[in-house]
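Here the numbering used here is used: the first residue of the sequence shown is 1, the next is one more, and so on.
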Amino acid sequence: MTFTLHLKSCPPSAIRSLILRKKPNIRNKSSMVAGLRPASVVVLHRSLAPAFEKFCQTNSGPLPLLGRSEPGKWAVPALGAVPDARMDCPQFHKYEFGACTGSVTSLEEYSEQLQDMVTFFLGCSLSLEGALEKAGLSRKEPAGHGHAGAYKTTVPCATIAGFSCPLVVTMRPIPKDKLERLVQATCSMVGEQGQPVHIGDPGLLGIKDLSKPDYGDPVACQPGDVPVFWPSQLTSLEAVSGHKTPLAFASAPGCTVMTDLTGTEAPAKCLTPEGMPEVHHISQDPLHYSIASASAVQKIRELETIIGIDPGNRGIGHLLCKDELLRASLSLSHAHSVLITTGFPTHFNHEPPEETDGPPGAIALAAFLQALGKGVSMVVDQRALSLFKKLVEEAVEQGVLKTQIPILTYQGGSAEVAQAFLCDDRDPKRLRFDHLVAIERTGRAADGNHYNARKMNIKHLVDPIDDLFLVAQKIPGVSSTGVGDGGNELGMGKVKEAVKRHIRNGDVIACDVEADFAVIAGVSNWGGYALACALHILNSCEVHGRYLRKATGPSRAAGEQNWIEALPSINKEEAMLGILVRHEVRSGVSGRVGMEVDGLPFHDTHAQMIQKLLDVTTGCK
1 MTFTLHLKSC PPSAIRSLIL RKKPNIRNKS SMVAGLRPAS VVVLHRSLAP
51 AFEKFCQTNS GPLPLLGRSE PGKWAVPALG AVPDARMDCP QFHKYEFGAC
101 TGSVTSLEEY SEQLQDMVTF FLGCSLSLEG ALEKAGLSRK EPAGHGHAGA
151 YKTTVPCATI AGFSCPLVVT MRPIPKDKLE RLVQATCSMV GEQGQPVHIG
201 DPGLLGIKDL SKPDYGDPVA CQPGDVPVFW PSQLTSLEAV SGHKTPLAFA
251 SAPGCTVMTD LTGTEAPAKC LTPEGMPEVH HISQDPLHYS IASASAVQKI
301 RELETIIGID PGNRGIGHLL CKDELLRASL SLSHAHSVLI TTGFPTHFNH
351 EPPEETDGPP GAIALAAFLQ ALGKGVSMVV DQRALSLFKK LVEEAVEQGV
401 LKTQIPILTY QGGSAEVAQA FLCDDRDPKR LRFDHLVAIE RTGRAADGNH
451 YNARKMNIKH LVDPIDDLFL VAQKIPGVSS TGVGDGGNEL GMGKVKEAVK
501 RHIRNGDVIA CDVEADFAVI AGVSNWGGYA LACALHILNS CEVHGRYLRK
551 ATGPSRAAGE QNWIEALPSI NKEEAMLGIL VRHEVRSGVS GRVGMEVDGL
601 PFHDTHAQMI QKLLDVTTGC K
């Protein structure tokens, strides 16, 4: 039975009477009442207080610090005339050298030790029930009618001076069509503390079985429900246990005090329409949703509109699908290791046969992924390996890329070979790459051939990199993005019916291989630039950044300057095009060697496009 003590509503004599009862008949009070909020308590030796305070501040999601006492003081000043919480908490777990050695209903027998101890008050997630009601969702009682279950995850909290532990989360099953309403309700009520840290498959947090929580009783998911996870103050129990201090106390699960302490949180951050989180589905296997602020989402939609112009009048407007850039960039933001491919040998009578569209966009995306600290590799045709190695080397020399990236080849053979390429030791649970990106990469048509826009078969110049995208569709946890401008590029199988109907020669040239996300651009390089810009927007968004780091550790805002430097720029893309020209790579459409892409002069068209994307990204428009 959850026991909540209202510190401001009971006189000391009544509180002491309740504490001394072995089986208090107290009704569960799980939402904020009369301006009070629930808090859990941790009591540690004074020597550990500075480190634990910093640990809480660094991991403020699961451990929102509301206040602390001074050593040897019997009351917390901010609570006013409230009885000493250390003496009057209804139930504590007692820890000795990290082991929980029992529970106590009173700390009176430890009065001497408490003289050298400090009490910490931590906000907790019980107010989620109020948000459920505000969102019009009925509360689902735990199976055992106790407190809702909480789960240890494999997500580590940031370590501070010996305090180290896994994140603990609580879960509520939410109907799919009410996810965004709930998230916005929780944020409007309790600020960023109401923001979930994961929406979707519990396995992504290392949780194996929702029916077996580590604390409390499970809440059953019904068909159509999506598991939504919030950080839990029970993380403090793991922190106390992990430190192995000689003596400590912590509120037992389900036991809280009600306090008017507010800590240093700023709930107003999420109250503006621009700051409200939006929920977007990014994967079905495993089920995964991501979130970002409304303002970040709007900026990425502007990028998608900008790159969707059709300078060649090819009819690409018929291929556009709303929010493909948004969902692709959200998925990439969650990725750990990205494999990029490019190369469209449309000029089959020349050496090299590649075109200037594709490599610059691929390199620009790789540069920003590097800045985010993600693994990045490229896979290209064996025939073009030497060329791409030189392109990457010179890109590093010119400052377009920060460091070298591995250049791989794939010769194909079977689905098993493709899986072995994507996974370590052929094990689909040990992914070598978790997102594949094709930017202006020739795509396999329905008849097994590869065609340029003029229906010329170029299959003899192409390695079966398409097979990697086909096999990726069957490996849980691997997503893919295709960027194209004509419908015959790898990944455009997602819009192949529109290609067949609206693109010249589409019935022959349409790529038959799908990607999870199909980013359509007037020139494919623009799609690569837009992906890099969208990643900058997302990783500069506080709402998305907190979701990425699961509300643990410090904000990544410190890396923002490096991120700005890693964005595509007119100078860098001009340098990249100059590198291609030195290697006699030709423009698509015109076939000329010069400072142009798809027959469009760099300074008249592409430089202007880059500037437009940067203006939206950096807020200079």
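Each residue gets a CB set at the ideal place from its N, CA and C atoms; glycine is no exception.
Query                                                                                                                                                                                 : Result
Around the Cβ of M456, are there at least 16 other Cβ atoms within 10 angstroms (buried) or fewer (exposed)?                                                                          : exposed
Given this structure, state the Cα-to-Cα distance separating T617 from V257, to the nearest angstrom.                                                                                 : 45 Å
How many Å lie between G487 and S480 at the Cα?                                                                                                                                       : 16 Å
Ignore the nearest five residues each way along the sequence and tell me which others in P378's own chain have a CB closer than 8 Å to its CB.                                        : Looking at the sequence provided, one finds Met at residue 378 rather than Pro. So the qualifying residues of the chain are L339, I340, T341, T342, A362, A366, F388, V392, I405, P406, I407, L408.
Quick one: give me the first and last residue of the beta strand (DSSP E) that H198 is part of.                                                                                       : 198 to 200
Please report how far the alpha carbon of W563 lies from the alpha carbon of T403, in whole angstroms.                                                                                : 15 Å
Quick one: grab the DSSP three-state call for S331.                                                                                                                                   : helix
Please classify H603 as buried or exposed, where buried requires at least 16 other C-beta atoms within 10 Å of its C-beta.                                                            : exposed
Threshold first: 3 residues or longer. Then list the beta strand (DSSP E) segments lying entirely within the region 326 to 390, N to C.                                               : 337 to 343, 375 to 380
Classify Q193 as helix, strand or coil using the three-state DSSP reduction.                                                                                                          : helix
For the alpha helix (DSSP H) that contains G506, what are its first and last residues?                                                                                                : 506 to 509
If you draw a straight line from the C-alpha of N313 to the C-alpha of P277, how long is it?                                                                                          : 37 Å
Between the C-alpha atoms of A14 and M171, what's the straight-line distance to the nearest angstrom?                                                                                 : Legend: pLDDT at A14 = 36, less than 50; position of this residue unreliable, value from coordinates given subsequently. Each residue's alpha carbon lies about 34 Å from the other.
Comparing C-alpha positions only, which one of I316, S555, V581 sits nearest to T58?                                                                                                  : S555
Going straight from the alpha carbon of R549 to that of H435, what length do you get?                                                                                                 : 19 Å
Take the Cβ of E584 as the centre, count every other Cβ of all protein chains shown within 10 Å, and call the residue buried at 16 or more, exposed below.                            : exposed
Within the continuous beta strand (DSSP E) that includes V257, where are the two ends?                                                                                                : 255 to 259
Between R181, F55, P476, which lies nearest to P286 when the distance is taken from Cα to Cα?                                                                                         : P476
To the nearest angstrom, how far is it from the Cα of S569 to the Cα of L234?                                                                                                         : 46 Å
Hey, V380 and F433: beta-carbon distance below 8 Å or not?                                                                                                                            : no
Counting beta carbon pairs with one atom in the region 583 to 602 and one in the region 499 to 511, are three or more of them shorter than 8 Å?                                       : no
Tell me whether the region 232 to 247 and the region 200 to 210 touch, counting them as touching only if at least three CB pairs, one residue from each stretch, are closer than 8 Å. : no
Find the nearest neighbour of S337 within the set P166, H280, K299, L372, judged by alpha-carbon distance.                                                                            : L372
In three-state DSSP terms, what is S30?                                                                                                                                               : Residue confidence for S30 is low, a pLDDT of 40 falling below 50, so the modelled location carries little weight and cannot support an answer.
Nearest-angstrom Cα distance between T186 and Q91?                                                                                                                                    : 28 Å
Out of D177, I307, H347, G216, which one is the CA nearest neighbour of V279?                                                                                                         : D177
Run the CB neighbour count on T605, radius 10 Å, all protein chains shown included, and call it buried at 16 or more, exposed below.                                                  : buried
Mind reading off the beta-carbon distance from V523 to G491? Whole number of angstroms is fine, and I expect it under 8 Å.                                                            : Actually they do not touch by this definition, with Cβ atoms about 16 Å apart.
Compute the Euclidean distance between the alpha carbons of A438 and L531, then round it to the nearest angstrom.                                                                     : 12 Å
Where do the ends of the beta strand (DSSP E) carrying P173 lie?                                                                                                                      : 166 to 175
Can you tell me whether P64 is buried or exposed, with buried defined as 16 or more other CB within 10 angstroms of its CB?                                                           : buried
Rounded to the nearest angstrom, what separates N539 and G545 at their Cα positions?                                                                                                  : 6 Å
Under 8 Å between the Cβ atoms of E324 and A294?                                                                                                                                      : no
Would you call the region 224 to 242 in contact with the region 36 to 50, where contact means no fewer than 3 C-beta pairs closer than 8 Å?                                           : yes
Buried or exposed, going by whether 16 or more other CB atoms sit within 10 Å of the CB of R430?                                                                                      : exposed
Could you tell me whether any non-hydrogen atom of the ligand MN is closer than 7 Å to the CB of L365?                                                                                : Only the bare structure without any ligand can be found here, which leaves the ligand MN out of the picture.
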